[in-house]
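Taking it in order: structure first as structure tokens, then the write-up.
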Amino acid sequence: MYNTPMRLPAHLTEAVFLARLNRFAALVRLNGAETLAHVPNSGRLRELLQPGNRIYLTPAPPSATRVTQYDLSLVDLGGCLVSADARAATTLAYEWLTGRLLPEFTGYTQVVRESTFGESRLDLLLLGDGPNHYVEVKSATLVHGDTALFPDAPTTRGRKHVGSLMKAVEMGHQASVLFVVQRSDAGSFSPNDDADPAFGAALRKACAAGVRAYAYNCRLTLQEITLHRRLPVVL
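All the letters of the sequence shown, read from the start, carry residue numbers 8 to 242 under the numbering used here.
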């Protein structure tokens, strides 16, 4: 285990998940009353968002344009906490890389967020004396058996990003895709060919061309998310 956690908000609020109304809105029960919460994840999350599951909400800053007062942050799967916030994956990867916690990534002196390459906006760019190193971060929450899987639904955007990474390698840069498994109970990672065989094919093609794929899982408490360990990637 590593020692640099990402602190969670001190005011997480326990609630019960009732239903997903659309891609980004959920109906929840909070303090005995029904209310809406924002789901910060475009994935299907069917294994997480089951009626009756205990969840934890983060109060959102006041906004005149916002409909919901809460973000759905964590799901309790009976002893295993899972982060439902896809945005956290990029923040975690940024902190791990700036903190030099990932020994697989070397030779850089600066980490830049959201760098444009071609027609894609990639999550991170590592700069140093050598070639540019483009890193795309993907949040994985689905686990079957002990295998973490991504995606849980077809992802045209994900395939586009993998294609951009392959083009970066062709142009002499370095490129990696980093899967952040936001739960602790996975022992390996694989592309989810059942959900999106085209993404799996694109990832395998990219890796054969020199793109590197890494996966790390996390240990979660109600206070923090900590980098746990590197997982083998089985393509």
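Every residue, glycine too, gets a C-beta built ideally from N, C-alpha and C.
With LEU104 as the anchor, note down where its alpha helix (DSSP H) starts and where it stops.
Taking the sequence shown and counting its residues from 1, the one referred to as residue 104 is at position 97. Looking at the DSSP string, the run of the alpha helix (DSSP H) that includes LEU104 is 94-105.
Which of helix, strand or coil DSSP assigns to LEU15
Here residue 15 is taken as the residue at index 8 of the sequence shown, counted from 1. In the structure shown, the three-state DSSP call for LEU15 is coil.
Cβ neighbour criterion (16 or more within 10 Å) applied to SER90:
What you label residue 90 is simply residue 83 of the sequence shown in a count that begins at 1. Buried, by the Cβ-count rule.
For TYR183 versus VAL119, is the C-beta distance shorter than 8 angstroms?
Stepping through the sequence shown from its first residue, residue 183 is reached at position 176. Stepping through the sequence shown from its first residue, residue 119 is reached at position 112. The sequence shown places Ser at residue 183, not Tyr. The answer is no: Cβ separation not under 8 angstroms.
Looking only at C-alpha atoms, which of THR116, SER146 and ASP136 sits nearest to ASP130?
The residue given as residue 130 occupies position 123 in the sequence shown. Of the residues THR116, SER146 and ASP136, the one whose Cα lies closest to the Cα of ASP130 is SER146.
Excluding five sequence neighbours on each side, which residues of the same chain lie with their C-beta closer than 6 angstroms to the C-beta of GLN117?
The sequence position of residue 117 within the sequence shown is 110, counting from 1. So the qualifying residues of the chain are LEU134.
Give the straight-line distance between the Cα atoms of THR72 and VAL169, rounded to the nearest whole angstrom.
Here residue 72 is taken as the residue at index 65 of the sequence shown, counted from 1. Here residue 169 is taken as the residue at index 162 of the sequence shown, counted from 1. Approximately 34 angstroms between the Cα atoms of the pair.
PHE196 vs THR148 beta-carbon contact at 8 angstroms:
Position 189 of the sequence shown, counted from the first residue, corresponds to residue 196. Position 141 of the sequence shown, counted from the first residue, corresponds to residue 148. In this structure, THR148 does not lie closer than 8 angstroms to PHE196 by Cβ.
Expressed to the nearest angstrom, what Euclidean distance is found between the alpha-carbon atoms of ARG61 and ASP83?
The residue labelled residue 61 in the question sits at position 54 within the sequence shown. The residue labelled residue 83 in the question sits at position 76 within the sequence shown. Going by the C-alpha atoms only, they are around 5 angstroms apart.
Work out the CA separation of ASN224 and ARG237 for me, nearest whole Å.
The sequence position of residue 237 within the sequence shown is 230, counting from 1. The sequence position of residue 224 within the sequence shown is 217, counting from 1. When rounded, the distance between both Cα atoms is 7 angstroms.
Helix, strand or coil, according to DSSP, for PHE206 in the structure here?
For the purposes of this step, residue 206 is identified with residue 199 of the sequence shown, where counting begins at 1. Helix.
Alpha-carbon to alpha-carbon, GLY207 and ASP200
As a first step, residue 200 must be located in the sequence shown, where it is residue number 193. As a first step, residue 207 must be located in the sequence shown, where it is residue number 200. For ASP200 and GLY207, the distance between alpha carbons rounds to 6 angstroms.
Applying the 10 Å Cβ sphere with the 16-neighbour rule, what's the burial state of THR162?
Translated into positions along the sequence shown, residue 162 becomes position 155. Result: buried.
Taking the straight line between their C-alpha atoms, what separation do you get for LEU88 and LEU56?
On the sequence shown, residue 88 is found 81 positions in, with the first residue counted as 1. On the sequence shown, residue 56 is found 49 positions in, with the first residue counted as 1. When rounded, the distance between both Cα atoms is 13 angstroms.
Contact set for CYS214: own chain, Cβ-Cβ below 7 angstroms, skip 5 residues either direction
What you label residue 214 is simply residue 207 of the sequence shown in a count that begins at 1. ALA220 and LEU242.
Can you check whether the CB of LEU64 is closer than 8 angstroms to the CB of THR20?
The residue given as residue 20 occupies position 13 in the sequence shown. The residue given as residue 64 occupies position 57 in the sequence shown. Cβ distance < 8 angstroms, so THR20 and LEU64 count as in contact.
Can you give me the start and stop residues for the beta strand (DSSP E) that LEU234 sits inside?
For the purposes of this step, residue 234 is identified with residue 227 of the sequence shown, where counting begins at 1. 231-238 is the span of the beta strand (DSSP E), which, as asked, contains LEU234.
Give me the DSSP bridge partner(s) of CYS87.
Counted from its first residue, the sequence shown places residue 87 at position 80. None, per the DSSP bridge assignment.
Please state whether the Cβ-Cβ distance between ALA216 and MET173 is less than 8 angstroms.
Mapped onto the sequence shown, residue 216 falls at position 209. Mapped onto the sequence shown, residue 173 falls at position 166. Cβ distance < 8 angstroms, so ALA216 and MET173 count as in contact.
Does the separation of the CB atoms of LEU185 and ALA100 fall below 8 angstroms?
Counting from 1 along the sequence shown, the entry for residue 185 is found at position 178. Counting from 1 along the sequence shown, the entry for residue 100 is found at position 93. Yes; because the gap between Cβ atoms is below 8 angstroms, this pair is in contact.
Outcome for ALA96 when other beta-carbon atoms lying within 10 angstroms are tallied against a minimum of 16
Walking along the sequence shown from the start, residue 96 turns up at place 89. When all chains shown are included, ALA96 counts as buried.
Given that a residue counts as buried once 16 or more other Cβ atoms are within 10 Å of its Cβ, and exposed if not, what is VAL74?
As a first step, residue 74 is located in the sequence shown; it is residue number 67 there, counting from the start. Exposed.
Count the other CB atoms within 10 Å of the CB of GLY50; is the residue buried (16 or more) or exposed (fewer)?
Taking the first residue of the sequence shown as 1, we reach residue 50 at position 43. GLY50 is buried by the Cβ-count criterion.
Cut-off 6 angstroms between Cβ atoms - residues of its own chain near GLY194, not counting five sequence neighbours on either side
Here residue 194 corresponds to residue number 187 of the sequence shown, with the count starting at 1. So the qualifying residues of the chain are ASP153.
Note the first and the last residue of the continuous alpha helix (DSSP H) segment covering VAL169.
Taking the sequence shown and counting its residues from 1, the one referred to as residue 169 is at position 162. Segment 163-177, the alpha helix (DSSP H) holding VAL169.
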